[in-house]
Structure formats: structure tokens, C-alpha cells
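**Student:** Dropping the structure in here first, questions after.
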Ligand SMILES: *Cc1c(COP(=O)(O)O)cnc(C)c1O
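Listed below in C-alpha cells is the structure:
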């Protein structure tokens with residue numbers, strides 16, 4: 008696709024004509040703005056006052072996203088990809104003699120299970136399989152039967168299916184039983200509200216390259232100050248100790264070890280856009296519109312979503328692969344890429360599937376072009392009908408049963 012084609016085909020205001028790279032319809036790394044990329048053209052000393060002030064500004068802006076109770080919390084950035092921050096949160100806030108209930112319905116829930124196993128700390132799992140949501144009443148029952156459980160770990164948007172888990176219900180069940188909640192909101196934070204005066208939790212974790220639309224390189228933990236205090240000595244790891252990073256940062260303004268300076272500066276630029284767009288609400292509204300336009304267009308082509316509407320997140324959507332024998336995902340992927348769109352393979356065990364992300368520098372005009380590209384690709388492949396296999400839809404019916 009040439010730049011001219013893009014300009015003719017689009018009335019998108021978000022698209023930057025200086026960029027001719029494919030759109031990443033993926034849940035991070037994702038398509039970032041020109042300004043975010045441009046911000047990385049300068050080097051910064053990590054000890055310098057200017058950089059320390061930028062770190063501080065970033066922490067303040069992130070905290071503001073949890074609303075009016077933000078004063079009770081602090082924000083601690085942590086080097087590495089999102090998983091490093093999840094591990095830092097689990098290792099720092101769950102005491103060595105604690106016990107965790109992990110609510111799993113996909114790959115990221117399973118990753119927290121694996122992390123607890125590495126940490127050698129006691130845990131039990133409610134495993135709902137590929138995509139069924141963990142419900143409040145199930146949490147109530149497990150907590151009642153096992154008084155040793157101290158913490159619950161929940162995934163906000165389980166990115167492997169795209170389900171938006173019922174976090175308010177889970178929080179109520181957790182605190183109703185006098186336990187504490189830790190949230191992996193990696194792929195939702197910044198676009199799906201998580202205000203501390205509405206949903207109770209001790210800590211939440213996310214990263215630079217998801218809904219804030221920065222580039223990868225660090226994550227951040229937003230936690231209650233009393234939990235940060237109490238976390239001293241809990242961590243299994245020198246570099247992933249949230250308490251130590253917090254204390255050092257508050258004392259010196261610096262990260263304990265070399266920070267990803269360019270990533271932080273790019274992130275500040277991303278935060279500026281986030282604010283201009285209307286914060287969490289504005290960002291969430293664009294993503295929801297992206298999803299609605301894309302899902303309705305794909306359904307018109309015969310595709311069907313894994314999840315019923317009420318569970319669809321504005322982050323990423325899983326579609327069943329068509330039953331038509333002419334459909335082959337590898338080919339579909341390549342032909343979509345040729346048209347300027349990088350989609351994402353599925354992660355289900357129950358059925359063949361693929362995913363389309365709704366986050367990043369994209370708007371509904373671009374989502375319409377995604378649907379047109381899918382239509383052309385089906386024609387290129389000789390697929391007449393994008394309907395999923397009948398048994399895949401039977402599987403889905405379980406969700407609302
Ligand atoms: C992206 C993501 C992570 C972290 O993944 P990394 O590859 O380590 O950045 C963790 N949990 C969820 C729900 C995610 O979407």
C-alpha cells in the first residue's frame with residue numbers, strides 16, 4: 008500500500024501521513040503516534056534533574072487515573088515488560104506465609120499461577136478454562152471454605168480471549184470475605200475505569216505499551232501506601248522489589264537501576280495525548296467505537312465472535328476461524344499484512360480462532376478499512392462464507408447458560 012492509497016481511502020484524523028508502516032491490530036506493542044516515536048530522538052541522563060522530574064510527572068499522572076482516592080496510593084514504575092511488573096507485585100505484596108487464590112480464564116491467569124509456583128508461595132486456582140468468567144459467587148464459596156487464603160489475584164481484561172472479567176463483582180466477593188485483591192489490569196488500565204473509590208483493591212499493574220499507547224520497556228504498579236510500607240522484606244528478588252524501588256524513588260527521584268530513558272520520555276508524550284483525548288473515558292470511548300465498528304463489519308461478512316456482546320472488551324476481540332475448507336489462518340494473516348494490517352493469532356484450545364485488537368493509534372475509519380481488507384482477503388482465498396463451525400457456536404452457548 009502506498010501513502011497515496013492511504014490518504015485516498017481514509018478520512019481518519021488519527022492517521023499520520025508520515026508513517027507508512029502496517030497497523031498493529033495487536034494488544035501491545037501497538038501502533039503509536041509519530042510524536043511518541045519522535046520523543047525518543049534525544050538522550051537523557053538518568054540522574055539528571057530533568058529526567059527525575061519526568062519520572063515524577065509520570066507517576067502523578069498515572070495515579071490521577073484511579074480517581075479521588077489516589078492520595079491513599081502511590082505509583083511505582085518498574086523496568087521490564089509487563090510480566091516483570093506482575094511478578095514484582097505478586098512477590099512484593101503477598102507475604103511469604105500468605106496464600107493466594109488466582110482466578111484464571113486464559114494465558115495471563117495461567118502466567119500468574121506459574122509465577123506463584125516459581126515464587127514457591129502457597130496458591131490455589133479457580134480455572135475457568137479458555138474464556139468463561141470467574142464469578143463473584145464462586146469466589147465467595149472458595150474463600151469461605153479456605154480461611155488460609157489471604158489474597159485474590161484477578162485479571163481485568165484477559166487478553167488471550169478478550170473477555171472483560173467482572174472485576175467489581177470479584178472485588179466485592181474478596182473484601183466481603185475480608186481478603187485483599189491484586190489486579191492485573193495490563194491491557195485495560197487507561198481505557199477501562201478502575202477508580203479506587205468504586206472498586207476496592209490493594210494494587211493494580213499495567214505497562215507502557217498498552218492503553219496509554221507508549222512503547223515497550225517498563226510497567227508500573229499502583230498500590231496502597233500502607234501495602235507499600237508493609238511490603239518491606241517480602242520480595243524474592245532484588246530487582247523486582249516494589250518496596251525498595253518505591254523507597255529509593257521517593258528518596259532520590261531516581262530509579263534504582265538504569266531506567267529505559269527513551270521509553271519514559273515517549274510515555275510522557277503518550278500521556279499528553281491520553282489527557283487531550285479525555286483521559287480514561289475518552290480513550291475508552293474510542294476503543295469501544297473501534298470494537299463496535301469492527302465487530303459489526305466482521306459479522307456482516309459472516310464471522311462470529313467467541314464471546315457474546317456483554318463480555319466483549321474494547322481491547323481485543325476473538326473471532327472463530329471460518330469453517331470453509333478454503334480458509335487457512337496463515338494465509339489470511341499474510342494477505343491481511345499485505346493490505347497493511349497485522350492481526351493476531353488465537354489462543355484457544357476449544358476452537359480455531361484469531362484476534363483483532365482495538366487499541367493503539369487507530370479510529371473507526373481505520374477499523375472500516377480492516378473490515379474491507381478482510382472481505383477482500385476472503386475473496387482472494389476463495390472463501391465463500393466466513394461462518395464458524397456449528398460446534399464452535401455450541402461451545403459459546405455455554406457462556407450464557
Ligand atoms: C500484555 C499482558 C501482560 C504482560 O505481558 P508482557 O508480554 O510481559 O508485556 C500481562 N497480563 C495481561 C493481561 C496482558 O495483556
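Residue numbers (our numbering): 8 to 408. Cβ coordinates follow ideal geometry from the N, Cα and C atoms, glycine included.
How close, in whole Å, do the beta carbons of residue 220 and residue 43 come, if the pair is a contact with beta carbons under 8 Å?
**Tutor:** Position 213 of the chain shown holds residue 220. Position 36 of the chain shown holds residue 43. Indeed, because the Cβ distance is near 7 Å, the residues count as touching under 8 Å.
**Student:** Counting C-beta neighbours from all protein chains within 10 Å, is the total for residue 303 16 or more, i.e. buried, or is it exposed?
**Tutor:** Residue numbering aside, residue 303 sits at position 296 when the chain shown is read from its first letter. Exposed, because fewer than 16 other Cβ atoms sit within 10 Å of the Cβ of residue 303.
**Student:** Candidates 366, 94, 60: which alpha carbon is nearest residue 415's?
**Tutor:** With the chain represented from 8 up to 408, any question about residue 415 goes unanswered, as that position is not in the structure.
**Student:** Measure the CB-CB distance between residue 392 and residue 332 and report whether it falls below 8 Å.
**Tutor:** Numbered from 1 along the chain shown, position 385 holds the residue referred to as residue 392. Numbered from 1 along the chain shown, position 325 holds the residue referred to as residue 332. Not closer than 8 Å, so no.
**Student:** Check the C-beta distance from residue 198 over to residue 287 and give it rounded, since I have them as a contact under 8 Å.
**Tutor:** Stepping through the chain shown from its first residue, residue 198 is reached at position 191. Stepping through the chain shown from its first residue, residue 287 is reached at position 280. Right, the Cβ-Cβ distance comes to about 6 Å (below 8 Å), so this counts as a contact.
**Student:** Enumerated in chain order, which unbroken segments of the beta strand (DSSP E) with a length of 3 residues or greater are wholly contained in the segment 98 to 140?
**Tutor:** Those beta strand (DSSP E) runs which fall completely within the segment 98 to 140 and span 3+ residues are 106 to 111, 129 to 134.
**Student:** By how many angstroms is the C-alpha of residue 357 removed from the C-alpha of residue 399?
**Tutor:** Stepping through the chain shown from its first residue, residue 399 is reached at position 392. Stepping through the chain shown from its first residue, residue 357 is reached at position 350. The straight-line gap from Cα to Cα measures roughly 8 Å.
**Student:** Just to confirm, is the Cβ distance from residue 110 to residue 159 under 8 Å?
**Tutor:** Counting from 1 along the chain shown, the entry for residue 110 is found at position 103. Counting from 1 along the chain shown, the entry for residue 159 is found at position 152. Closer than 8 Å, so yes.
**Student:** Could you give the distance in angstroms between the alpha-carbon of residue 265 and the alpha-carbon of residue 307?
**Tutor:** Counted from its first residue, the chain shown places residue 265 at position 258. Counted from its first residue, the chain shown places residue 307 at position 300. Taking the straight line joining both Cα atoms gives about 50 Å.
**Student:** Pull the bridge partners of residue 85 from the DSSP assignment, please.
**Tutor:** Locating residue 85 in the chain shown gives position 78, counting from the first residue. Answer by DSSP bridge pairing, in chain order: 226.
**Student:** Let's see if you can read the secondary structure: which residues bound the beta strand (DSSP E) around residue 326?
**Tutor:** Position 319 of the chain shown holds residue 326. It spans 323 to 327 - the beta strand (DSSP E) in which residue 326 sits, taken as one unbroken run.
**Student:** Determine the DSSP secondary structure at residue 191, reduced to helix, strand or coil.
**Tutor:** What you label residue 191 is simply residue 184 of the chain shown in a count that begins at 1. Three-state result, residue 191: strand.
**Student:** From residue 240 to residue 83, what distance separates their C-alpha atoms?
**Tutor:** Counting from 1 along the chain shown, the entry for residue 240 is found at position 233. Counting from 1 along the chain shown, the entry for residue 83 is found at position 76. Using only the alpha carbons, I get a separation of about 17 Å.
**Student:** To the nearest angstrom, report how far apart residue 362 and residue 352 are at their CA atoms.
**Tutor:** In the chain shown, the residue the question calls residue 362 occupies position 355. In the chain shown, the residue the question calls residue 352 occupies position 345. Approximately 6 Å, taken between the alpha carbons.
**Student:** Throw me the rounded Cβ distance for the residue 349 and residue 33 pair, which I believe falls under 8 Å.
**Tutor:** Numbered from 1 along the chain shown, position 342 holds the residue referred to as residue 349. Numbered from 1 along the chain shown, position 26 holds the residue referred to as residue 33. Confirmed, about 6 Å.
**Student:** With a cut-off of 8 Å, do at least 3 Cβ pairs link the segment 206 to 218 to the segment 182 to 192?
**Tutor:** In short, these stretches touch, since the Cβ pair count reaches three.
**Student:** Pick from 26, 85, 76, 77: whose alpha carbon is nearest that of residue 268?
**Tutor:** Taking the chain shown and counting its residues from 1, one reaches residue 268 at position 261. Of 26, 85, 76, 77, the residue nearest in Cα terms is 85.
**Student:** Among 19, 37, 237, which has the Cα closest to the Cα of residue 98?
**Tutor:** Within the chain shown, numbered from 1, the residue matching residue 98 stands at position 91. For residue 98, the nearest C-alpha among the options comes from 237.
**Student:** Around ligand 1, what residues have a beta-carbon under 6 Å from a heavy atom of it, in chain order?
**Tutor:** With the cut-off at 6 Å, the residues found are 34, 35, 88, 89, 90, 93, 115, 162, 166, 191, 193, 194, 214.
**Student:** In terms of DSSP beta bridges, what is residue 351 paired with?
**Tutor:** Numbered from 1 along the chain shown, position 344 holds the residue referred to as residue 351. DSSP lists 362 as partners of residue 351.
**Student:** From what residue to what residue does the alpha helix (DSSP H) around residue 280 run?
**Tutor:** The residue labelled residue 280 in the question sits at position 273 within the chain shown. Counting along the chain, the alpha helix (DSSP H) containing residue 280 begins and ends at 268 to 283.
**Student:** Considering only their Cβ atoms, is the gap separating residue 327 from residue 311 smaller than 8 Å?
**Tutor:** Mapped onto the chain shown, residue 311 falls at position 304. Mapped onto the chain shown, residue 327 falls at position 320. A contact, by the Cβ cut-off of 8 Å.
**Student:** Am I right that residue 367 and residue 225 are in contact with their C-beta atoms under 8 Å? What's the rounded C-beta distance?
**Tutor:** For the purposes of this step, residue 367 is identified with residue 360 of the chain shown, where counting begins at 1. For the purposes of this step, residue 225 is identified with residue 218 of the chain shown, where counting begins at 1. In fact, because the Cβ distance is near 18 Å, the residues do not count as touching under 8 Å.
**Student:** By the three-class DSSP mapping on this structure, what secondary structure does residue 300 have?
**Tutor:** Numbered from 1 along the chain shown, position 293 holds the residue referred to as residue 300. Looking at residue 300 - three-state DSSP - the assignment turns out to be helix.
**Student:** Taking the beta strand (DSSP E) that residue 214 belongs to, which residues open and close that run?
**Tutor:** What you label residue 214 is simply residue 207 of the chain shown in a count that begins at 1. 210 to 214 is the span of the beta strand (DSSP E), which, as asked, contains residue 214.
**Student:** Looking at C-beta atoms only, is the number of pairs between the segment 270 to 278 and the segment 48 to 65 that lie closer than 8 Å three or more?
**Tutor:** Yes: at least three Cβ pairs fall under 8 Å.
**Student:** Quick one: Cα of residue 54 to Cα of residue 263, how far?
**Tutor:** Along the chain shown, one-based indexing puts residue 54 at 47. Along the chain shown, one-based indexing puts residue 263 at 256. Rounded to whole angstroms, residue 54 to residue 263 spans 10 Å at the Cα level.
**Student:** DSSP state of residue 162, grouped into three classes?
**Tutor:** Looking up residue 162 in the chain shown gives position 155. Looking at residue 162 - three-state DSSP - the assignment turns out to be strand.
**Student:** Does the distance from the CB of residue 372 to the CB of residue 119 come in under 8 Å?
**Tutor:** Within the chain shown, numbered from 1, the residue matching residue 372 stands at position 365. Within the chain shown, numbered from 1, the residue matching residue 119 stands at position 112. Cβ distance not < 8 Å, so residue 372 and residue 119 don't count as in contact.
**Student:** Note the first and the last residue of the continuous alpha helix (DSSP H) segment covering residue 236.
**Tutor:** Here residue 236 is taken as the residue at index 229 of the chain shown, counted from 1. Here the alpha helix (DSSP H) through residue 236 covers 232 to 237.
**Student:** According to DSSP, is residue 26 part of a helix, a strand, or is it coil?
**Tutor:** The residue given as residue 26 occupies position 19 in the chain shown. Residue state, collapsed to three classes: coil.
**Student:** Along the chain, where does the alpha helix (DSSP H) that runs through residue 59 open and close?
**Tutor:** Within the chain shown, the letter at position 52 stands for residue 59. Residue 59 -> alpha helix (DSSP H) spans 56 to 71.
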